[in-house]
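Undergrad: Dropping the structure in here first, questions after.
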Amino acid sequence: MKRVAVAHPNIALAKYWGKRDQGRNVPAVPSLSVTLDGMTTTTALEEAEADSLAINGVLRTGRPLERAAAMLDTLWREAGRLGQRPRAAVDSHNDFPTAAGLASSASAFAALAVAADALFATQLGRDRLSAIARRSSASAGRSLFGGFVELPAGDAFAVDLPAAPVAPASHWDLRLVVAVTTEGEKEVGSTDGMVRTTETSPLYEGWVKAAPAIFARVREAVLARDFDALVGPVEQSALTMHATAFAADPGLVYWNGTTVEVIRAVRKLRAEGLRACFTIDAGPHVKILTPTASEASVREAISRVPGVLRTISARPGEGARLAVEE
Ligand code: PMV
């Protein structure tokens with residue numbers, strides 16, 4: 009038996025950074041993301057003699073395999089199944105470059121949750137699959153849903169904390185332009201970066217305090233489809249998150265010089281009357297949000313910023329789902 013699922017990455021407009029509970033992977037702040045179309049993770053899951061994981065055709069062991077197996081264990085347990093979980097071979101492919109800074113762990117764990125639910129016939133439903141994927145990678149909980157999605161902050165007891173849809177992909181015809189500023193992998197992953205920020209940054213408390221109000225403004229602007237109201241809180245969310253990380257010990261500098269140049273270019277475009285705003289994740293690439301009508305102008309201008317290697321465009325897309333049944 010084999011089951012195949014597909015999922016897309018998502019980009020947070022209101023960022024999550026920091027956990028309330030490390031073991032249960034519970035976010036300390038609420039986040040709001042948009043699931044992206046165009047970039048897809050396809051994951052095939054098949055019963056096998058032993059657990060295995062292949063990413064883009066390359067067999068992986070160690071931490072990546074442990075994380076995939078741990079999610080299958082959680083799903084099996086959550087479904088109340090007794091006995092040993094069937095071993096499974098995970099074969100996952102991304103049709104977008106991992107180095108583009110688009111969280112591949114989000115689409116990977118979302119696709120795996122849907123494939124496992126089908127293979128084990130657990131019929132857990134969206135909410136529970138989202139909560140299970142969230143425990144492996146918080147952003148993955150959001151990729152279970154399409155369009156605009158929120159993930160609340162939890163308390164230390166929040167075992168079941170799913171993401172929830174805010175508005176469907178058709179709600180707002182926006183574009184996200186990724187300015188790729190390096191082909192390299194990031195130096196410090198989000199999990200380690202968050203731990204260091206939480207434990208050592210003197211600004212962390214301020215971030216946790218400020219994030220809910222920023223999130224609320226993003227949410228309101230999304231619901232009202234008010235781009236001008238979206239600009240301030242989206243940029244503040246990213247910059248406050250990064251300021252908090254910069255202040256860790258040792259400081260986390262996810263940016264490179266081009267990151268700063270793109271930020272300046274986006275603000276210049278805005279001063280010239282174009283609608284655009286930026287967000288940045290745990291890496292040096294800049295993601296620019298813009299209404300569809302200005303996408304071509306934004307792409308053109310950003311491509312000309314020295315250091316920008318290329319741009320990738322995406323639009324709001326659907327949640328994780330089963331692809332084909334064999
Ligand atoms: O859930 P993770 O470990 O992929 O962390 C995501 C962290 C950010 O991408 C920086 C912010 C976010 O909310 O997606």
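Residue numbering for the sequence shown follows the numbering used here, beginning at 9 and increasing consecutively.
C-beta atoms are modelled at their ideal positions from N, C-alpha and C, and glycine is treated no differently.
In chain order, what residues of the same chain lie with their CB nearer than 7 Å to the CB of ASP59, ignoring the 5 residues before and after it?
TA: Within the sequence shown, residue 59 is the residue found at index 51, counting from 1. Result list for ASP59: LEU73, ALA77, ARG95, ALA96, in chain order.
Undergrad: Taking 7 Å as the line, does the beta carbon of THR362 fall inside it for any heavy atom of the ligand PMV?
TA: A query on residue 362 cannot be resolved here, the shown segment of the chain reaching from 9 to 334 and no further.
Undergrad: Among residues of its own chain, excluding the 5 on either side of PRO210, which ones have a beta-carbon nearer than 8 Å to its beta-carbon?
TA: Looking up residue 210 in the sequence shown gives position 202. Within the same chain, PRO210 has close Cβ partners ALA255.
Undergrad: For PHE235, is the classification buried or exposed, using 16 other Cβ atoms within 10 angstroms of its Cβ as the cut-off for buried?
TA: Along the sequence shown, read from residue 1 onward, the residue named residue 235 stands at position 227. By the neighbour-count criterion, in which a residue is buried when 16 or more other Cβ atoms sit within 10 angstroms of its Cβ, PHE235 is buried.
Undergrad: Quick one: what's got a C-beta closer than 6 Å to PRO324's C-beta in the same chain, skipping five residues either side?
TA: By one-based count along the sequence shown, residue 324 stands at place 316. If we look at PRO324 and ignore the five residues flanking it on each side, its Cβ neighbours are VAL42, GLY155, ALA177.
Undergrad: Report yes or no: do the region 11-28 and the region 42-54 share at least 3 C-beta pairs separated by less than 8 Å?
TA: yes
Undergrad: Of all the options THR189, SER100, ALA22, TYR262, which has the alpha carbon lying nearest to the alpha carbon of ARG68?
TA: Here residue 68 refers to the residue found at position 60 of the sequence shown. Looking at the Cα atoms, SER100 is the closest of the given residues.
Undergrad: Below 8 Å on the Cβ atoms is my guess for LYS217 versus ILE19; work out the distance and round it to an integer in Å.
TA: Residue mapping note: residue 217 aligns to position 209 of the sequence shown, counting from 1. Residue mapping note: residue 19 aligns to position 11 of the sequence shown, counting from 1. About 24 Å; that fails the 8 Å criterion.
Undergrad: Can you tell me whether PHE128 is buried or exposed, with buried defined as 16 or more other CB within 10 angstroms of its CB?
TA: By 1-based counting over the sequence shown, the position of residue 128 is 120. Answer is buried; the Cβ neighbour count reaches 16.
Undergrad: On the DSSP letters alone, give me the boundaries of the alpha helix (DSSP H) that ARG71 sits inside.
TA: In the sequence shown, residue 71 corresponds to position 63, counting from 1. Segment 71-86, the alpha helix (DSSP H) holding ARG71.
Undergrad: In terms of residue numbering, what span does the alpha helix (DSSP H) encompassing ILE19 cover?
TA: Numbered from its first residue, the sequence shown carries residue 19 at position 11. No alpha helix (DSSP H) holds ILE19; the beta strand (DSSP E) holding it covers 18-22.
Undergrad: Out of GLU86, ARG150, LEU80, VAL157, point me to the one whose CA is closest to ALA121's CA.
TA: Within the sequence shown, the letter at position 113 stands for residue 121. Nearest C-alpha to ALA121: LEU80.
Undergrad: Once DSSP output is grouped into helix, strand and coil, what is the label at ARG283?
TA: What you label residue 283 is simply residue 275 of the sequence shown in a count that begins at 1. It is coil, neither helix nor strand.
Undergrad: Do ALA36 and SER245 come within 8 Å of each other at the CB atom, strictly closer than that value?
TA: As a first step, residue 245 must be located in the sequence shown, where it is residue number 237. As a first step, residue 36 must be located in the sequence shown, where it is residue number 28. It is not a contact, given that the beta carbons lie outside the stated cut-off.
Undergrad: Need the endpoints of the beta strand (DSSP E) that ILE296 sits in, please.
TA: Residue mapping note: residue 296 aligns to position 288 of the sequence shown, counting from 1. 294-299 is the span of the beta strand (DSSP E), which, as asked, contains ILE296.
Undergrad: With a 10 Å radius around its C-beta and 16 neighbouring C-beta atoms as the bar for buried, classify ASP289 as buried or exposed.
TA: Counting from 1 along the sequence shown, the entry for residue 289 is found at position 281. Of the other Cβ atoms in all chains shown, 16 or more fall within 10 Å of the Cβ of ASP289; this residue is therefore buried.
Undergrad: Which whole-angstrom value describes the C-beta separation of ASN102 and SER112, a residue pair presumed to lie in contact below a C-beta threshold of 8 Å?
TA: Within the sequence shown, the letter at position 94 stands for residue 102. Within the sequence shown, the letter at position 104 stands for residue 112. Yes, they are in contact, since the Cβ atoms of ASN102 and SER112 sit about 5 Å apart, within 8 Å.
Undergrad: Can you look up THR49 in the DSSP assignment and give me helix, strand or coil?
TA: Residue mapping note: residue 49 aligns to position 41 of the sequence shown, counting from 1. Reduced to three states, the DSSP call for THR49 is strand.
Undergrad: Using DSSP bridges, identify the partner residues of ASP29.
TA: Numbered from its first residue, the sequence shown carries residue 29 at position 21. Note: ASP29 sits in a beta bridge opposite VAL34.
Undergrad: Helix, strand or coil for LEU317 per DSSP?
TA: In the sequence shown, residue 317 corresponds to position 309, counting from 1. Reduced to three states, the DSSP call for LEU317 is coil.
Undergrad: What residue range is occupied by the uninterrupted alpha helix (DSSP H) comprising HIS179?
TA: As a position in the sequence shown, residue 179 is number 171, starting the count at 1. HIS179 -> no alpha helix (DSSP H), and no H or E assigned at all.
Undergrad: Assuming contact is defined by CB atoms lying nearer than 8 Å, are LEU184 and THR300 in contact in what I supplied?
TA: To locate residue 184, count along the sequence shown from 1; it is residue 176. To locate residue 300, count along the sequence shown from 1; it is residue 292. Not in contact: LEU184 and THR300 (Cβ atoms no closer than 8 Å).
Undergrad: Note down, in chain order, each residue of its chain lying with its Cβ closer than 8 Å to the Cβ of ALA304, except the 5 sequence neighbours on either side.
TA: In the sequence shown, residue 304 corresponds to position 296, counting from 1. Here the set comprises nothing.
Undergrad: Go ahead and pull the three-state DSSP assignment for PHE128.
TA: Here residue 128 is taken as the residue at index 120 of the sequence shown, counted from 1. Correct three-state label for PHE128: coil.
Undergrad: For VAL188, does the count of other Cβ atoms within 10 angstroms reach 16, so buried, or fall short, so exposed?
TA: Counted from its first residue, the sequence shown places residue 188 at position 180. When all chains shown are included, VAL188 counts as buried.
Undergrad: Give the single residue among THR267, PHE223, PRO17, LYS27 whose Cα lies nearest to the Cα of THR190.
TA: Here the question's residue 190 lines up with position 182 in the sequence shown. The option with the nearest alpha carbon to THR190 is THR267.
Undergrad: Can you list, in chain order, the residues of its chain with a C-beta nearer than 7 Å to that of LEU282? Leave out the 5 residues immediately preceding and following it.
TA: Counted from its first residue, the sequence shown places residue 282 at position 274. Excluding sequence neighbours, LEU282 sits near SER302, SER305, VAL306.
Undergrad: Please confirm whether GLY291 and GLY46 have their CB atoms less than 8 Å apart.
TA: By 1-based counting over the sequence shown, the position of residue 291 is 283. By 1-based counting over the sequence shown, the position of residue 46 is 38. Cβ atoms of GLY291 and GLY46: not closer than 8 Å.
Undergrad: Indicate, with yes or no, if the ligand PMV has a heavy atom lying under 7 Å from the CB of ALA146.
TA: To locate residue 146, count along the sequence shown from 1; it is residue 138. Yes, Cβ of ALA146 sits closer than 7 Å to a heavy atom of the ligand PMV.
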